[in-house]
Structures are given as structure tokens and as C-alpha cells.
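> Structure incoming, see below.
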Amino acid sequence: MDTIGTICPFCGCGSGTYLRVNDDEVVGAYPILKHPVNRGKLCVRGWWSNQCLKSTSRLKSPMIRKGESLKEVEWDEALDFCSSKLLEIRKSSGGHSLGVIGSPALTNEDAFVLMKFARTILKTNTVDGSYRFSSSATLSLLNQSLGIWTNGIASFENLEKANAVIVIGGNIFQEFPDVIGARILEARDNGAKIILIDPLRDKPQRFVNIHLKPRPPALISLINAMSNLLIQNGLSRFEAGKEFIKKIKSFAIEFPGIPTSSIEEATKIYAQSNNSIIVYCSDELTDPNLIRSLINLAILSGHINGPEQGLIPISRSPNLQGACDMGLVPDLLSGYQDIDKEETKAPFEKHWGVKLPLDKGLTIHEALDPDQKVKGLLIAGDNLLGKLPSPELIKSLKEMDFIAVFDGFLTDTCNLAHVVFPISPPGECDGTFTNLEGRVQSLGKIGDSKIGKPLWSIISKLSDKMKHPLKYTSDQAIFEEIKALTPLYSQVSLNEKAGMFLPRRKSKPKMFVVDETPINEPPKEFPFSLIVKNTLSSWGRNTLVKASPILKREYLEERTEAKVNPSDSKSLGLRPGDKIKITSKDGEVIASVGLDNSVVEGTVVFHSHFVDSISSLLGKGKVDPQTKGIYYKDTFVRVGKA
Ligand code: SF4
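Set out below in C-alpha cells:
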């Protein structure tokens with residue numbers, strides 16, 4: 001029996017895991033006891049991460065669409081087909097009619113090679129990541145304001161040393177119990193005060209000192225109210241902020257159901273503690289104005305520069321930081337180097353021996369706009385179809401002239417593809433992930449995959465066929481190229497057992513104007529606030545979770561239930577299981593009603609995996625011009641018997 005040390009492939013915490021191997025077969029996963037991230041613990045996903053490798057849903061061979069269905073073919077046939085289609089589109093319509101969408105689950109090496117392939121061989125800057133529908137606001141605004149992307153503190157260890165922690169958005173304690181949840185509780189044991197801001201009453205409330213439960217429309221207003229209280233009470237440590245905050249009008253002083261004294265108390269605790277941290281799930285808080293408000297609050301309080309201060313956005317993807325670091329961003333090369341500046345672009349052109357395309361790259365949703373005339377997409381490592389938030393974008397993807405998918409598992413997106421390539425999943429590939437601390441860690445593999453191939457090697461073979469060979473032979477060679485071209489990674493050594501930290505970037509803090517009219521109460525005709533919640537069962541849509549029988553069982557998708565507080569159900573004359581009609585200004589859905597004491601009166605909770613139902617209520621998502629992320633504003637609904 002052998003053991004292979006690697007990194008859990010599920011979320012951005014990057015827990016150290018051993019895979020146990022018997023006769024070439026992986027038989028178990030367990031935590032690395034002394035790993036500094038998870039310190040001998042794993043959450044349920046980590047404990048069963050080995051099962052994905054034996055999944056029956058793994059792609060076994062390349063496939064080409066023949067008629068209505070995909071047929072297994074030899075590697076050479078699939079590569080010939082794909083390369084000839086790409087060359088054909090590039091020749092007839094230009095490189096800008098092609099696009100590449102990577103995933104924050106790809107290794108750094110795969111993401112870098114994908115980015116390079118797009119810009120040097122396809123001749124397009126339309127290179128984006130599927131994070132666009134979730135963490136985009138966080139990524140862009142943290143970078144603009146603090147010069148960081150996802151890693152807000154020096155290391156997870158510092159979280160234990162904080163004196164105050166605000167937890168907002170996402171069920172952090174249940175979703176990330178072994179790494180983040182455990183550390184927040186340790187901080188509390190060390191004397192820290194914990195402030196939970198969540199409209200759902202939930203189990204962790206017994207661990208917290210203050211639990212503020214604003215209805216969703218009041219969330220931004222509440223954070224801005226805290227910023228104003230901080231100024232009014234002379235608690236700000238950021239001089240320039242005092243003038244700036246006058247520009248922010250989107251706040252109220254009174255919030256239904258929340259005693260003003262609790263807001264004042266929470267503000268005081270957060271501002272007066274020596275070291276305060278804000279923890280949130282970046283896949284959950286997607287409204288750019290909410291992220292702007294949180295960043296403002298952190299800057300005003302002065303809790304942004306120390307190792308035990310700042311914002312910690314948690315991601316449900318294992319390599320969100322790395323994918324962005326590697327340039328899966330339309331206008332940036334690896335290490336956030338501008339593609340349109342001569343001084344940053346020149347080293348890449350010299351090293352790669354090509355001129356980089358000048359066309360402006362598109363984000364995913366721009367690429368799916370029929371007016372942009374993108375004809376072919378390469379989608380790597382993600383079930384994009386399951387993430388598209390509106391029927392219009394889904395229709396556009398389905399109508400694309402050519403789609404090549406690179407994935408380890410058979411997903412809904414594969415079923416739209418013209419050609420599919422099986423890639424080797426974590427556990428069967430080398431490479432590195434960069435976790436949310438900015439810790440670059442090497443993956444271990446149980447052996448070469450008998451089914452798939454590393455993405456970079458498939459892309460290399462495609463480049464051969466397209467007469468512009470990239471000539472990669474190993475992950476290490478790619479990492480050396482990353483180091484040579486990316487100052488952020490230039491000092492990273494892969495010899496450190498528990499990974500090595502990227503240097504911390506710092507810039508002058510920049511506050512944001514939050515241009516939003518405060519709404520603290522729903523309108524009369526739609527008296528309920530709709531909460532679209534990514535609960536634990538949302539993990540049930542994750543491709544790796546679906547690939548594991550035990551995890552599938554753990555993250556059972558809940559029934560299409562809309563949950564309401566029992567007192568609301570009583571006043572509406574509803575009983576559990578009754579059919580109800582939920583109506584918003586954009587549409588209506590029929591659902592059955594479920595009762596839940598954790599739901600605040602006046603709210604209806606729907607789970608995000610009911611994609612069709614939700615999109616009819618939410619209408620089209622909004623595109624934020626500054627961050628280019630798609631997000632939904634608060635939605636108000638009417639509820640009645642169907
Ligand atoms: S917290 Fe994240 S990295 Fe750690 S075991 Fe769970 S899913 Fe894996």
C-alpha cells in the first residue's frame with residue numbers, strides 16, 4: 001500500500017491530503033497530519049476525494065459529434081478534427097471569432113498553457129474564466145482597491161489571532177469547517193468577538209457574539225451604516241475616509257428587526273479591536289456594491305495592512321487565485337500584466353517569438369452575445385452550461401458553431417460539444433494550485449492516467465497539428481516559463497513541502513463610491529424578499545461531487561421547495577407541501593412550500609440549483625461595468641396558493 005501526498009481538489013483552502021493506493025488503485029483519502037492549512041483535518045469532501053478517480057462518469061476516450069450523438073474516436077482523429085475546425089474559423093473569420101474559457105479548477109500550468117495557446121496560436125484575447133459568474137466582483141475590486149486578488153491575509157493561521165471577525169455570506173462554518181470554520185472558532189476561544197451578518201438564522205448563531213439578520217435589500221445599506229457609524233463615533237483610522245464617506249448616501253440608520261444598539265455594538269467591536277478580519281464566500285456575495293461597501297468598511301477601520309487584518313474571500317474552486325494569476329482574464333497576461341502596455345507585453349512576445357493579438361478580449365458573457373460573432377469556443381475544466389445564469393446565454397452557447405470541451409467527466413456541456421477530450425483529474429496529474437492564502441502547492445499523482453491526459457499535453461498536441469508546436473514535455477518546464485515571465489511567481493520554489501507563499505502585494509487603499517438608493521423594505525405589491533441561497537446542497541452540482549457516490553449522497557439536492565418561516569405560512573394559510581405561486585416583476589414559478597424556522601419572516605428562500613425556476617423569477621442578470629461580472633439584484637416577490 002502506497003501513500004501519495006497531494007492537495008484536495010474541491011475548494012480554495014488547499015488542504016493537504018494523502019491518497020492511499022493499492023495495486024495502482026486508489027482506495028482512500030485522509031488528511032496530512034502536519035499540513036499547515038488543515039492540520040490533520042478534512043471536511044467530508046476531502047475525505048471522499050478519492051472516489052472521483054473511480055467514477056463511472058469519467059470520460060474514457062476522445063469523442064466527436066456524429067449526427068445527434070458523441071462517438072468515441074482515437075486521439076489522433078479528435079486532434080485532427082479539432083485543429084482543422086480551429087484553423088478553418090481562424091482563417092475565415094479571424095482569431096477574434098474564437099474564445100477560450102478556463103476554469104478555476106485547472107492547475108496553474110494548464111491555465112497558463114491554455115492562455116498562451118489562445119493568444120499565440122488562436123490569435124485571440126478572448127480568454128476568460130468561469131469565475132465570471134461568481135467571484136468576479138471580489139477579484140476585480142480587491143485588485144483595484146488593495147492590489148490583491150483573493151488572498152487578503154498573510155496566512156490562515158493569522159485568522160486565529162484576530163480579535164474580531166465579521167462572517168458574512170455563505171455558510172462558512174458548514175461549508176469550510178476544517179480550515180476556516182475551525183480557525184474562526186479558535187479565534188473565538190482566544191477571545192475574539194464573532195459577528196455574523198446573515199439573513200438566515202442558522203446553527204452557528206450559538207457560536208457568535210452578535211448576529212445581525214438584515215433582510216437582503218438592507219444588506220448593503222447596513223454595511224454602509226456601519227461605515228458611517230464608525231466615522232460619526234470617531235472610530236476611523238483612515239483620515240482620507242472621513243471626507244469620502246460623505247459621498248456615500250446608500251445607508252439607513254434603522255433596520256426592521258435589528259436593534260440599532262446591536263449595529264452600534266458590532267461596529268464598535270469591529271473598529272476598536274486591534275486586528276479585525278471580514279470573512280465571506282466570494283461565490284455567494286456577487287453584488288459589486290456589497291463588495292465595495294465591505295472594502296470601504298475595512299479601509300475606514302484601518303484593518304487592512306496587518307497580517308491579522310483584511311478581507312478573506314473564500315472560493316468554492318481549488319485554484320481561483322492561480323487561474324487569475326495565470327492570465328485567464330481577457331486584458332491581462334500572467335501576473336496581472338496589462339496586455340495593451342508595450343513594457344509588459346514585450347517580454348512575452350520575445351519569449352514566445354510571436355506578436356500578441358491587438359483585439360480587445362471578451363468576457364464569457366460578451367463572447368456569448370450574438371452581436372460579437374464569436375463562432376468557436378474551447379471550454380476547459382468546467383461544466384459551463386450549469387453555470388450560465390440566464391436562458392439567453394444558454395441559448396447562445398447551444399447555437400455556437402464549434403465547441404471543444406476538455407474535461408475529466410461527462411457533463412452537460414460535453415453533450416453540446418463537437419469534440420470532447422478527456423483530461424486527467426487531480427490525483428492523476430502533476431502541477432500546482434495556489435490557494436486562497438497565496439500558497440503555491442504541488443499536486444501529487446497516483447500514476448499516469450490510463451484514460452485522460454494532462455490538459456497542457458493535449459493543447460501541446462493540438463499546437464503541433466496547427467503547425468505552431470508549443471513543445472512542452474512536463475509540468476516543471478511550464479512552471480519554469482511561468483516563473484520567467486511572471487514576476488509574481490519568479491521566486492516560487494516547488495521544493496517546499498507545504499508550498500511557498502507568493503509575495504504580498506500592497507497598494508494605496510482606494511475607497512469606492514457606492515451608488516445605490518437604499519431599500520430597506522420590499523415594495524407593497526411584492527412584500528417578500530427572495531433569497532437565492534447556495535446552501536450545502538449546491539455542492540451537489542459540482543462535477544467532482546457528482547462523480548463520488550458518497551458525496552452525491554451527502555449533498556443530496558433538496559426538493560424544489562421554497563422555504564418560508566412558519567409564521568408567514570400560517571398567515572398565508574399554507575401547509576407544508578402545498579403548491580404555491582411565487583411571482584416577481586419578471587416572472588412566476590410554481591413550487592411546493594417548505595417550513596423552516598431559520599428563514600426570517602418576510603423572506604422566501606430558493607436554492608440556486610433550481611436554475612430554470614430561478615432565472616424566470618430573477619430575469620436577466622445585471623452586468624457591472626467596472627468589474628464585468630454578472631450578478632442579480634435583490635428580487636421581491638408575492639406568494640400565494642397556486
Ligand atoms: S475545506 Fe476545502 S480543501 Fe479542505 S478538505 Fe474541505 S473541500 Fe477540501
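Taken in order, the sequence shown gives residues 1 to 642; the numbers are from my numbering.
Just so you know, even glycine gets a beta-carbon here, dropped at the ideal spot from N, CA and C.
For clarity, every value in this text was computed on a predicted model and none was experimentally measured.
Just to confirm the assignment, what range does the beta strand (DSSP E) spanning GLY102 have?
Element bounds for GLY102: 98-102.
> Looking only at its own chain, which residues have a Cβ that is under 7 Å from the Cβ of THR486, when we skip the five neighbours before and after it?
Excluding residues within five positions, the ones whose Cβ falls inside 7 Å are SER334, GLY335.
> Can you look up GLN174 in the DSSP assignment and give me helix, strand or coil?
Looking at GLN174 - three-state DSSP - the assignment turns out to be helix.
> For ASP178, collect the residues of the same chain with a Cβ closer than 6 Å to its Cβ; drop the 5 residues on either side in sequence, then sort them by chain order.
Only ASN38, LYS41, LEU42, CYS43 meet the Cβ criterion.
> Just to confirm my understanding: we take PHE244, look at its own chain, exclude 5 residues before and 5 after, and list those with CB closer than 6 Å. What are they?
These residues qualify, in order along the chain: MET511.
> Go through its chain and collect everything with a Cβ distance to LYS7's Cβ below 6 Å, but skip five positions before and after it.
Residue identity differs from the one stated: residue 7 is Ile in this sequence, not Lys. Result list for ILE7: GLY14, PHE433, GLN441, LEU443, in chain order.
> If you follow the alpha helix (DSSP H) that PRO662 is part of, which residue opens it and which one closes it?
The structure shown does not extend to residue 662, since the chain is modelled only from 1 to 642, so the question has no answer here.
> Identify the continuous beta strand (DSSP E) that holds PHE10 and give its terminal residues.
Note, PHE10: premise wrong, no beta strand (DSSP E); not H, not E.
> Within the present structure, is the beta-carbon of SER567 separated from the nearest heavy atom of ligand 1 by less than 7 Å?
Checking every heavy atom of ligand 1 against the Cβ of SER567, none is found closer than 7 Å.
> Cβ of GLY376 within 7 Å of any heavy atom in ligand 1?
It does not: the Cβ of GLY376 is nowhere closer than 7 Å to a heavy atom of ligand 1.
> Thinking just about the alpha-carbon of each residue, which of ASN158, LYS247, GLU481, ASN233 is nearest to the one in GLU349?
It is GLU481 whose Cα lies nearest to the Cα of GLU349.
> Any contact between the region 591-601 and the region 567-578? By contact I mean 3 or more CB pairs, one from each, below 8 Å.
Yes: the two stretches touch, three or more of their Cβ pairs being nearer than 8 Å.
> Could you give the distance in angstroms between the alpha-carbon of VAL605 and the alpha-carbon of GLY170?
Spanning the two alpha carbons is a distance of roughly 14 Å.
> Evaluate ILE295 with the Cβ neighbour count: other Cβ atoms within 10 Å of its Cβ, from every protein chain shown; 16 or more gives buried, anything less gives exposed.
Under this definition ILE295 is a buried residue.
> Just to confirm the assignment: which complete beta strand (DSSP E) runs, minimum length 3, are found wholly within the region 1-59?
Segments of the beta strand (DSSP E) lying fully in the region 1-59: 2-7, 16-22, 25-31.
> Short check: CB of SER136 to CB of PRO104, under 8 Å?
No, Cβ-Cβ distance for SER136 and PRO104 is not below 8 Å.
> For GLN441, write down the residues that DSSP places opposite it in a beta bridge.
In DSSP, GLN441 forms a bridge with PHE433.
> I'd like to know if the region 390-406 and the region 45-53 are in contact, where contact means that at least 3 CB-CB pairs between them fall below 8 Å.
Judged by Cβ distances under 8 Å, the region 390-406 makes no contact with the region 45-53, as fewer than three pairs qualify.
> May I ask you to check if the CB of CYS11 is nearer than 7 Å to at least one heavy atom of ligand 1?
Checking every heavy atom of ligand 1 against the Cβ of CYS11, one is found closer than 7 Å.
> Classify PHE526 as helix, strand or coil using the three-state DSSP reduction.
PHE526: coil per DSSP, three-state reduction.
> DSSP puts GLN337 in a beta bridge; with which residues?
Per DSSP, LEU333.
> Following a CB-centred definition, is SER15 positioned closer than 7 Å to any heavy atom of ligand 1?
Under cutoff, so the answer is yes.
> Strictly by DSSP, which residues pair up with TYR221?
Strictly speaking, residue 221 in this sequence is Ser, with Tyr absent from that position. DSSP, once it has assigned bridges, lists no residue as partnering SER221.
> Would you mind stating whether ALA642 and GLY16 have Cβ atoms separated by less than 8 Å?
No, Cβ-Cβ distance for ALA642 and GLY16 is not below 8 Å.
> Classify VAL545: buried if its beta carbon has 16 or more other beta carbons within 10 angstroms, exposed otherwise.
The residue is buried, with at least 16 neighbouring Cβ atoms inside 10 Å.
> Classify PRO422 as helix, strand or coil using the three-state DSSP reduction.
Here PRO422 sits in strand by DSSP.
> For ARG575, which of helix, strand or coil comes out of DSSP?
Coil, per DSSP.
> Ligand 1 and CYS281: does any heavy atom of the ligand fall closer than 7 Å to the residue's C-beta?
No, since every heavy atom of ligand 1 falls outside the 7 Å radius drawn around the Cβ of CYS281.
> Could you pull out every residue in the same chain whose Cβ sits closer than 6 Å to the Cβ of GLY587, ignoring the five residues on either side in sequence?
Contacts found: SER616, LEU617.
> If contacts are defined as beta-carbon pairs under 8 Å, then GLN321 and LEU436 qualify, I think. What distance do you get, rounded to the angstrom?
The pair is a contact, with the Cβ atoms about 6 Å apart (cut-off 8 Å).
> Based on the DSSP secondary-structure assignment, which residues constitute the bridge partners of VAL593?
VAL593 is bridged to ALA562.
> Using alpha carbons as the reference points, say which of ASP369, LEU122, ASN233, GLU308 lies closest to LYS355.
Residue LEU122 is the option with its Cα nearest to LYS355.
> Quick one: which unbroken alpha helix (DSSP H) runs of 4-plus residues sit fully inside the region 266-303? Chain order, please.
Listed in chain order, the complete alpha helix (DSSP H) runs (minimum 4 residues) inside the region 266-303 are 288-301.
> Looking at C-beta atoms only, is the number of pairs between the region 522-532 and the region 620-636 that lie closer than 8 Å three or more?
These segments touch.
> Give, in chain order, every unbroken run of the beta strand (DSSP E) that is at least 3 residues long and sits entirely within the region 370-426.
Complete beta strand (DSSP E) runs here, min 3: 376-380, 402-407, 419-422.
> Check LYS622 in the structure and name its three-state DSSP category.
LYS622: strand per DSSP, three-state reduction.
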